[in-house]
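Have a look at the structure below before the remarks.
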Amino acid sequence: MAEPDAGLSPDDVTGKKQVPFANAIEGIKERASQITEDKKMSADLLFMNTYMASLALADASRPEIFTFAANRKEYISAKYIAKVDMFVKKWSYSYSEALSIQAERIKNPMLQSMLNRYANAIESGVPDDDFLKNELSTVRSVYRSQVEAGLEMVQKWGDAYIAMLLSGTVICVTLMISIAIYNPTGLESTLYTGYGIILAIGVGGNFLMYTSVPDDPKAHGLSVHQSREQQTIHAMERIIIPIAVVAVILLSLVGASAAMIYILIGILLAPLGIIGYIDDSNITMRDNDFSTFIRSLGAVMGGQGTTAVHALNTIDKKSLTALEPLVNSVYSKMNLGLDDKQIWDKFIGESGSNLIYKYLNIYLDTITLGGPPDSIGSIVGASMLEQTLLREKKDMHARSFLILLIAMHAAMAGIFVALYRIMVVLTGSVGDMMDKFSQEQAAASGSAGSSLSSSMGGLSMFTNFPEAEMGAFVVISLTIITLSNIFAARFVGGGDRYMFYFYGAIFCTITGVVLLIGPIAVGMFFSPEGLASMASAGAASGSTGV
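Residue numbers (the working numbering): -6 to 539.
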């Protein structure tokens, strides 16, 4: 084996052995990461600016503000603040220069603009507390504007997605009818065309809605402490998900109907989905209460100069419908003299809320530094209220979209199944009638036989319908539509990943029920016996010359 050239560096040698399409794959990953970061940045900047403004109220110095902000790893923007802090401490740049340098390297326009404004303010001699207070107001306005614009885009893209998916369903149904009439030779390519149309609509529509919908992760995702519902879901999914996978594989191997497989998936996912929906609703109610709670806590601690335990005893907990049990738990543990940090960490974990996790830590960090609890509670509560009010508006749009999506999913599945069953019954009946009339034609004579032959010649195109292939076409198409609608519902409706179980249970059950009762409903109104009697009546009238 030839040795590497001694004049080449290890990087040069490695560069000669790159994996094919490695640059393209890295580019796709980088682009996907940038899209996700841009989607989360507006809310993240609201968290970061609330934190930095609270630090300024606590009379933290500029190095302390940047150091504390850089250590909040749960913020996306913290890594950029950490680089600014590094430029200052290790490379002896001024904060104005470091902010400007970092702003030039950032692709997100919101964060870039914020860092440039901060650099200009420092260079102009504006105090940090004044700038951060005004910047927080600006970020809130920008966040509100972006969320409202995103909601408008989601509403338009949601309507377009449903309309395009319905159009794709109509195209696939037309392909099915065309195959029944013309019986083309390139059947596979025709079916793949139908799959491609529905898949393109599903992927494109979901991508557009994902990039448009405002980011609002409700659950904190912590592993140490969780809400009771989250603990239950994590315990149950370790059992239910493997059972569901094994059951689907076994049912497929034994040749069970697609309807039974879909219904089984819906039944297995339903407990996880229902518990997840309950947790999602509880988090929403707790977030709505938290703004009032943190304002009241800060006002009592600042106004009376008391500790948190005395303030918790003073505030009106009856008005905190969803948070009252958790607040009472905090108060009782503090009375026992337990560690405050562990108590608040458990409170955050049991709340299950991402917003409570972010904003309560802001409040606790800054009052620990000696900040005024009333002012900090007011700032934190105002930012929290801004997000919860916009969430209510977003949820209203999401509910209307989900109701329409569920109804249209049932309609699209019904169209597929009904048309397929009608074509199966029609072609089967026509085949039987053709055989019967061929026998009668052989026995007939004269004009009656020729009349019979000419009257049935036009139906011969319906006798070669590929029932098995078209049955698979219907099932695969409905699978694509079902998966696409599950993702669309999750992207628009929001929530943690367990909401996939909720929407999966809904759409899989609908698909399974339609596949199960669709043929029965079609058989009630469209049966081979009815077609045979109609044909017999037509033949009788033709033989009598009527």
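Just so it is clear, CB atoms sit at the ideal spot from N, CA and C, and this is done for glycine as well.
Considering only their Cβ atoms, is the gap separating residue j from residue i smaller than 8 Å?
| i | j | result |
| --- | --- | --- |
| residue 505 | residue 259 | yes |
| residue 220 | residue 345 | yes |
| residue 380 | residue 353 | no |
| residue 211 | residue 271 | no |
| residue 299 | residue 293 | yes |
| residue 323 | residue 336 | yes |
| residue 473 | residue 188 | yes |
| residue 137 | residue 383 | yes |
| residue 121 | residue 24 | no |
| residue 76 | residue 105 | no |
| residue 558 | residue 255 | Not covered by the structure: residue 558. The range shown for the chain is -6 to 539. |
| residue 400 | residue 471 | no |
| residue 356 | residue 369 | yes |
| residue 412 | residue 166 | yes |
| residue 287 | residue 377 | yes |
| residue 129 | residue 42 | yes |
| residue 67 | residue 339 | no |
| residue 365 | residue 50 | yes |
| residue 499 | residue 47 | no |
| residue 127 | residue 31 | no |
| residue 161 | residue 115 | no |
| residue 390 | residue 201 | no |
| residue 387 | residue 273 | no |
Along the alpha helix (DSSP H) that carries residue i, what are the first and last residues, could you check?
| i | result |
| --- | --- |
| residue 230 | 221 to 246 |
| residue 304 | 301 to 307 |
| residue 173 | 121 to 175 |
| residue 263 | 251 to 297 |
| residue 205 | 180 to 205 |
| residue 476 | 460 to 486 |
| residue 511 | 492 to 518 |
| residue 110 | 102 to 117 |
| residue 217 | Careful: residue 217 lies outside any alpha helix (DSSP H) and carries neither H nor E. |
| residue 92 | 88 to 97 |
| residue 326 | 317 to 328 |
Within 10 angstroms of the Cβ of residue i, are there 16 or more other Cβ atoms? Answer buried if so, exposed if not.
| i | result |
| --- | --- |
| residue 64 | exposed |
| residue 440 | Any reading at residue 440 must be qualified, since the residue scores a pLDDT of 47, below 50, and its modelled position is unreliable; the value itself is stated next. Counting Cβ neighbours within 10 Å, residue 440 comes out exposed, since fewer than 16 surround it. |
| residue 486 | buried |
| residue 343 | buried |
| residue 463 | buried |
| residue 155 | buried |
| residue 35 | buried |
| residue 447 | Low per-residue confidence applies at residue 447: pLDDT is 48, beneath 50, and the placement is therefore not dependable enough to give any value. |
| residue 147 | buried |
| residue 475 | buried |
| residue 243 | exposed |
| residue 18 | exposed |
Is there at least one non-hydrogen atom of the ligand HEM closer than 7 Å to the beta-carbon of residue i?
| i | result |
| --- | --- |
| residue 33 | Only the bare structure without any ligand can be found here, which leaves the ligand HEM out of the picture. |
Any chance you could list the alpha helix (DSSP H) runs of at least 4 consecutive residues sitting entirely within the stretch 51 to 84, in chain order?
55 to 63, 71 to 84
In chain order, what are the residue ranges of uninterrupted alpha helix (DSSP H) at least 4 long that sit wholly in the stretch 339 to 402?
347 to 361
Is the stretch 260 to 267 touching the stretch 476 to 484, taking contact as three or more C-beta pairs under 8 Å?
no
Suppose only complete runs of 4+ residues qualify. What are the alpha helix (DSSP H) ranges in the stretch 13 to 52, listed by chain order?
15 to 50
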